[in-house]
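Structure, as structure tokens:
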Amino acid sequence: MNMITNPLFLQLLVGVLTGLGAGYLGSFMILKRMSLVGDVISHVALPGIALAVIFEVNPFFGAFAALLLAVIGIWFLEIKTELPSETLVGIFFALSLALGILITPEPELLEALFGDITKIGLSDALITIALIAVIFFTMFRIYRGLTLSVVSKQLAQSMGINVSKISFLFLLLVAIIVALGLKVTGVFLMGALVIVPAAAAKNVSVSLAGFTRLAALFGGISALGGILFASYFNLHPGPIVVLASGVIFLLTLLFKK
Amino acid sequence: MPGETILTVENLGVKFDNNEVLKGLNFFVQKGDVLAIVGPNGAGKSVLFRALLGLIPYSGKIKWAPGLKISYVPQKFNIDKDLPLSVEEFLRFKEKTPEKIIGALKAVGMTDEHTEFLCGLKHRKETTPSHIEHHVLKERIGWLSGGQLQRVLIAWSILDNPDILLFDEPTAGIDVGGEETIYNLLKKLKDERGFTILLISHDLNIVYKYADNVICLNKEMVCYGEPSTVLDPASLVKLYGGEAGFYKHEHDH
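Each protein sequence line maps, in turn, to chains A and B.
In this text, residue positions in the first sequence follow this note's numbering: the first is 1, and each later residue adds one.
In this text, residue positions in the second sequence follow this note's numbering: the first is 1001, and each later residue adds one.
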């Protein structure tokens, strides 16, 4: 009856869904050789969260707005230069982190940095369910073009695939998942939840289908195991979730293909 | 019908940021022809292909015969050992029918020897479909050797029965012995299926042997015609500078 309002159930629901989405998108970030982008852009969320806290809206929207700007910036650099503009991106995002730390009100700072899934509410759960559905639906439509453009951009273009549009849609999804993950692991650790399960899946899979599904599964399991463990021992869930994904990664090294 | 012109190019030019990469190209291609494009690095060979495919802006005229199916295999592939993508998944991005995929793999010779080689097995009995299904298709594409990968790419290109194939350096990354095999395969497929081939190559021997016509390209057309007539020492020197030209026919086929 009151399962829906049971705090642990809500935490697990939001955590597992976010883990699934993060793992799945992470597998394509690894394919696209942009593993660190999730890490870097997650820092941009902080000033967005700060502004949301100051203007008293749901921090998710502040984070997402800031991430959206960051993603547009990265996409623009990607199509304008064809080069990974690492230095520029690195500088820009470190600066926004500094700015974010400065303007985030002190009580909210720790929560924004490391997440606090124990404070999750029903509206957060609904937002998460809807957006994870958007992520998987969109990926279903674009994964073919995305993968082909990794194998060969020219080949993809010659088949009529709009590479830059797909690339932008994908970055948009990354922004969504990072914004969702802020509740689960916080700004600092969300990059890890995107990359570690996917890196673990890569160790043990031959095919794309195996790789992407395992990545999602590992992400989900990390969240499930991490939140349960943290709740049982009364620890902070964010870091435990990330450590759980690390344990999975170490285990997969034993079965590396 | 032989002799039917399927591509006419008139005064083609391509500029990148006011840099003329190609200018004043005039040529035509007839059905069933093999047209080779040779030239030094940076001569605009790949750019020419991309213009022909309509992927970049150009000036002048490119006229394809209507209703042609064009298949393009670019030079640049980012396929490394790490890429989690199976041969089957790659081919299914283009064509989902299993019979067609197996048919194409058979046509490029990915059958007994190759699969046996792939999995180190030696039973000849259960060759063909089941072999392809079980071993080649499930293989990670990055684990193929250079020659096998090239065969898979050729299989990809013929999957939808194209009328014309554009190949950018079909033998990049293959040792010298393997090159001949790949070109023999292309020629065999062409004779069987009657498609037209445009290919970029760096190997003049191959051009002599397989091409009906050749374009020597270095931003503009340095020569154009039958290889044995137009690839004379003078135009090769003009094309590559210095001491080329000694290629001409050590072996006469």
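Glycine included, C-beta positions come from ideal geometry on N, C-alpha and C.
This structure is a prediction, so every number in the text was calculated from the model and none was measured.
Point to revise | Rounded separation between Ile1102 (chain B) and Phe1093 (chain B) - CA only | key: Looking up residue 1102 (chain B) in the second sequence gives position 102. Looking up residue 1093 (chain B) in the second sequence gives position 93. Cα-Cα distance, rounded: 14 Å.
Review point. Using 9 Å as the limit for Cβ to Cβ distance, is Ala65 (chain A) near chain B?
Key: Along the first sequence, one-based indexing puts residue 65 (chain A) at 65. So, not an interface residue.
Practice item. Output yes or no for whether 9 Å exceeds the beta carbon distance between Leu1055 (chain B) and Ile1215 (chain B). Key: Stepping through the second sequence from its first residue, residue 1055 (chain B) is reached at position 55. Stepping through the second sequence from its first residue, residue 1215 (chain B) is reached at position 215. Not in contact: Leu1055 (chain B) and Ile1215 (chain B) (Cβ atoms no closer than 9 Å).
Exercise for review: Note down, in chain order, each residue of its chain lying with its Cβ closer than 7 Å to the Cβ of Val44 (chain A), except the 5 sequence neighbours on either side.
Suggested key: Locating residue 44 (chain A) in the first sequence gives position 44, where the first residue counts as 1. Excluding sequence neighbours, Val44 (chain A) sits near Ala66, Leu67, Ala70, Phe93, Ser96.
Check your understanding: Taking only beta-carbon atoms, is Thr150 (chain A) less than 9 Å away from chain B?
Key -> Counting from 1 along the first sequence, the entry for residue 150 (chain A) is found at position 150. A small correction: the amino acid at residue 150 (chain A) is Val; Thr does not occupy that position in the sequence shown. Yes - at least one Cβ of chain B is within 9 Å of the one on Val150 (chain A).
Review point. Given a threshold of 16 other Cβ atoms within 10 Å of its Cβ, counted over all protein chains shown, does His1114 (chain B) qualify as buried or as exposed?
Key: Looking up residue 1114 (chain B) in the second sequence gives position 114. Model confidence at His1114 (chain B) stands at a pLDDT of 46, short of 50, so the residue's coordinates are unreliable; what they give is reported in the following sentence. Classification for His1114 (chain B): buried.
Review point. Can you list the residues of chain A that Ser1201 (chain B) reaches, using a CB-CB cut of under 8 Å?
Key: Position 201 of the second sequence holds residue 1201 (chain B). Near Ser1201 (chain B) there are no residues of chain A at all, since even the closest Cβ is about 18 Å away, more than 8 Å.
Point to revise | Inter-residue spacing [alpha-carbon to alpha-carbon] between Phe1016 (chain B) and Gly1060 (chain B) | key: Looking up residue 1016 (chain B) in the second sequence gives position 16. Looking up residue 1060 (chain B) in the second sequence gives position 60. Rounded to whole angstroms, Phe1016 (chain B) to Gly1060 (chain B) spans 15 Å at the Cα level.
Check your understanding: Can Asn1078 (chain B) and Ser152 (chain A) be called in contact, C-beta distance under 9 Å?
Key -> Within the second sequence, the letter at position 78 stands for residue 1078 (chain B). Within the first sequence, the letter at position 152 stands for residue 152 (chain A). Result yes, Cβ atoms of Asn1078 (chain B) and Ser152 (chain A) sit closer than 9 Å.
Exercise for review: List the residues of chain A that Leu1323 (chain B) touches, going by C-beta distances under 8 Å, in chain order.
Suggested key: Any answer about residue 1323 (chain B) is impossible in this case: the structure gives chain B only from 1001 up to 1253.
**Study point:** Ranges of the alpha helix (DSSP H) found wholly within the segment 174-219 of chain A, counting only runs of at least 4
**Key:** 186-203
Check your understanding: If the cut is a Cβ gap below 8 Å, which residues of chain A does Asn1078 (chain B) touch?
Key -> If you number the second sequence from 1, residue 1078 (chain B) lands on position 78. Near Asn1078 (chain B) (Cβ distances below 8 Å), the residues of chain A are Val150, Val151, Ser152.
**Study point:** Cβ pair Ser1201 (chain B), Pro1170 (chain B) closer than 9 Å
**Key:** To locate residue 1201 (chain B), count along the second sequence from 1; it is residue 201. To locate residue 1170 (chain B), count along the second sequence from 1; it is residue 170. Taking 9 Å as the Cβ cut-off, Ser1201 (chain B) and Pro1170 (chain B) qualify as a contacting pair.
Point to revise | alpha helix (DSSP H) runs contained entirely in the segment 1148-1201 of chain B, provided each spans 4 or more residues | key: 1176-1193
Exercise for review: Give a yes or no on whether the minimum CB-CB distance between Gly26 (chain A) and chain B is below 9 Å.
Suggested key: As a working note, residue 26 (chain A) is residue 26 in the first sequence. Output row for Gly26 (chain A): interface = no.
Review point. Taking Cβ-Cβ distances shorter than 7 Å, what residues in chain B pair up with Gln11 (chain A)?
Key: Residue 11 (chain A) sits at position 11 when you count from the first residue of the first sequence. The premise fails here: Gln11 (chain A) is roughly 32 Å from chain B at the closest Cβ pair, so nothing lies under 7 Å.
Point to revise | Where Lys202 (chain A) meets chain B, residues with beta-carbon distance less than 9 Å | key: Looking up residue 202 (chain A) in the first sequence gives position 202. Those within 9 Å of Lys202 (chain A) in chain B are Asp1082, Pro1084.
Exercise for review: Determine whether the Cβ of Glu1179 (chain B) lies closer than 9 Å to any Cβ atom of chain A.
Suggested key: Sequence index remark: in the second sequence, residue 1179 (chain B) carries index 179 (1-based). Not closer than 9 Å to any Cβ of chain A, the Cβ of Glu1179 (chain B) fails to qualify, so no.
Check your understanding: What are the residues of the segment 201-231 of chain A that lie near chain B, defined by any Cβ-Cβ distance shorter than 9 Å?
Key -> For the segment 201-231 of chain A, the beta-carbon criterion of a distance under 9 Å to any beta-carbon of chain B is satisfied by Ala201, Lys202, Ser205, Val206, Ser207, Leu208, Ala209, Gly210, Phe211, Thr212.
Check your understanding: What residues of chain B sit near Leu155 (chain A), judged by a beta carbon separation below 8 Å?
Key -> In the first sequence, counting from the first residue as 1, residue 155 (chain A) sits at position 155. Neighbours of Leu155 (chain A) on chain B, chain order: Tyr1072, Val1073, Pro1074, Phe1077.
Review point. By the 10 Å Cβ neighbour count, where 16 or more other Cβ atoms means buried, how is Val1087 (chain B) classified, buried or exposed?
Key: Along the second sequence, read from residue 1 onward, the residue named residue 1087 (chain B) stands at position 87. It counts as buried.
Review point. Chain A beta carbons: is any one of them nearer than 9 Å to that of Leu1012 (chain B)?
Key: Against the second sequence, residue 1012 (chain B) aligns to sequence position 12. Cβ-Cβ to chain A under 9 Å: no for Leu1012 (chain B).
Practice item. Could you name the residues of chain A that Glu1089 (chain B) contacts, counting a contact when the two beta carbons are closer than 9 Å? Key: Against the second sequence, residue 1089 (chain B) aligns to sequence position 89. Those are Thr147, Ser207, Leu208, Ala209, listed as they occur along chain A.
Exercise for review: Note down the Cα distance separating Ile49 (chain A) from Leu109 (chain A), rounded to an integer number of angstroms.
Suggested key: In the first sequence, residue 49 (chain A) corresponds to position 49, counting from 1. In the first sequence, residue 109 (chain A) corresponds to position 109, counting from 1. Their Cα atoms are separated by approximately 9 Å.
**Study point:** Reference Ile221 (chain A); option with closest CA among A:Gly246, A:Ile176, A:Phe233
**Key:** As a position in the first sequence, residue 221 (chain A) is number 221, starting the count at 1. Distances from the alpha-carbon of Ile221 (chain A) to those of A:Gly246, A:Ile176, A:Phe233 put A:Gly246 closest.
Review point. How big is the Cα-Cα spacing for Leu17 (chain A) and Val37 (chain A)?
Key: Sequence index remark: in the first sequence, residue 17 (chain A) carries index 17 (1-based). Sequence index remark: in the first sequence, residue 37 (chain A) carries index 37 (1-based). Those two C-alpha atoms are separated by around 21 Å.
Review point. Quick one, which of A:Ile54, A:Val134, A:Glu78, A:Lys202 has its alpha-carbon nearest Pro107 (chain A)'s?
Key: The count along the first sequence starts at 1 and reaches residue 107 (chain A) at position 107. Nearest of A:Ile54, A:Val134, A:Glu78, A:Lys202 to Pro107 (chain A), Cα basis: A:Ile54.
Check your understanding: When DSSP labels each residue in this structure, what does Thr138 (chain A) get in the three-state scheme?
Key -> For the purposes of this step, residue 138 (chain A) is taken as residue 138 along the first sequence, with counting starting at 1. Helix, per DSSP.
Review point. With 9 Å set as the bound, which would you pick, yes or no: does the beta-carbon of Glu1169 (chain B) sit closer than that to a beta-carbon of chain A?
Key: As a working note, residue 1169 (chain B) is residue 169 in the second sequence. Using beta-carbon distances, Glu1169 (chain B) does not count as an interface residue toward chain A, since no partner is under 9 Å.
Review point. Does Arg1193 (chain B) come within less than 9 Å of chain A when only Cβ atoms are used?
Key: In the second sequence, residue 1193 (chain B) corresponds to position 193, counting from 1. Residue contact with chain A for Arg1193 (chain B): absent (no Cβ-Cβ distance below 9 Å to any residue of chain A).
Exercise for review: Throw me the rounded Cβ distance for the Ala1051 (chain B) and Leu1217 (chain B) pair, which I believe falls under 8 Å.
Suggested key: On the second sequence, position 51 is the one that residue 1051 (chain B) refers to. On the second sequence, position 217 is the one that residue 1217 (chain B) refers to. Contact doesn't hold; Cβ gap of about 12 Å is too wide.
Point to revise | chain B contact for Met29 (chain A) (CB, 9 Å cutoff) | key: As a position in the first sequence, residue 29 (chain A) is number 29, starting the count at 1. Met29 (chain A) does not count as touching chain B.
Review point. Any residues in the segment 1022-1052 of chain B with a beta carbon nearer than 9 Å to a beta carbon of chain A? Which ones, in chain order?
Key: Ser1046, Phe1049, Arg1050
Check your understanding: the segment 1134-1147 of chain B: which residues have C-beta closer than 9 Å to a C-beta of chain A, in chain order?
Key -> Lys1138, Glu1139, Arg1140, Ile1141, Trp1143
Exercise for review: Look at the alpha carbon of Pro1084 (chain B) and the alpha carbon of Leu182 (chain A), and state the distance between them as a whole number of angstroms.
Suggested key: Translated into the one-based positions of the second sequence, residue 1084 (chain B) becomes position 84. Translated into the one-based positions of the first sequence, residue 182 (chain A) becomes position 182. About 29 Å.
Check your understanding: How is Gln1075 (chain B) classed by DSSP in three states: helix, strand or coil?
Key -> Taking the second sequence and counting its residues from 1, the one referred to as residue 1075 (chain B) is at position 75. In the structure shown, Gln1075 (chain B) sits in coil (DSSP, three-state: anything other than H, G, I, E or B).
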